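Asker: Residue numbers (our numbering): 1299 to 1407.
A virtual CB, placed ideally from N, CA and C, is assigned to each residue, including glycine.
Bear in mind that the values here come from a model prediction, so they are computed numbers and not experimental data.
1. Please confirm whether residue 1331 and residue 1315 have their CB atoms less than 8 Å apart.
2. Just the Cα atoms here: how many angstroms apart are residue 1370 and residue 1362?
3. Cα separation between residue 1386 and residue 1311?
4. Of the residues 1391, 1390, 1321, 1367, which one's Cα is nearest the Cα of residue 1373?
5. To which residues of the same chain is residue 1305 closer than 6 Å at the C-beta, ignoring the five residues directly before and after it?
6. Comparing alpha-carbon positions, which option in 1336, 1301, 1325 lies nearest residue 1418?
7. Whole angstroms are fine: how far does the CA of residue 1327 sit from the CA of residue 1365?
8. Return the bridge partner residues of residue 1320 from the DSSP annotation.
9. Quick check: what's the CA-CA separation for residue 1395 versus residue 1375?
10. Taking all protein chains shown into account, do 16 or more other C-beta atoms lie within 10 angstroms of the C-beta of residue 1325, making it buried, or fewer, making it exposed?
11. Between residue 1334 and residue 1391, how many whole angstroms is the CB-CB distance? I'm expecting something under 8 Å.
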């Protein structure tokens, strides 16, 4: 089963993160959507380092990127295919870890 996937990125000012909105279609019917927030794994780094978000060059530590599934609504029977498409996309942009709503961490490599 091949899904048609549309992705719209949105930069979130002040957080140094990007939100990706996914829309899934199958046989010309909308079957679901998802919202994925990508950021550094240690968002609390800004509390430790001096002005890290205002001037990334001052950052002392580089944290790995992670994706958070903040919203996922897909018709039953298509959820696995939709998640696989999300994983492919994240892998292409270099994100190896994804965290789901229930806070479990899974490698997508």
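Answerer: Straight from the coordinates:
1. Contact flag unset, no.
2. Distance between the alpha carbons of residue 1370 and residue 1362 is about 23 Å.
3. Annotation: residue 1386 to residue 1311 spans about 26 Å, alpha carbon to alpha carbon.
4. Comparing Cα positions, the closest option is 1321.
5. Counting only Cβ-Cβ distances below 6 Å, and skipping sequence neighbours, we find 1318, 1320.
6. There is no way to answer for residue 1418, as the model of the chain reaches only from 1299 to 1407.
7. The alpha-carbon separation between residue 1365 and residue 1327 amounts to approximately 27 Å.
8. For residue 1320, which the question treats as bridged, DSSP gives the partners 1305, 1332.
9. Distance between the alpha carbons of residue 1395 and residue 1375: 24 Å.
10. By the neighbour-count rule (16 or more Cβ atoms within 10 Å), residue 1325 is not buried but exposed.
11. Beta-carbon to beta-carbon, residue 1334 and residue 1391 are separated by about 10 Å, too far to satisfy the 8 Å threshold.
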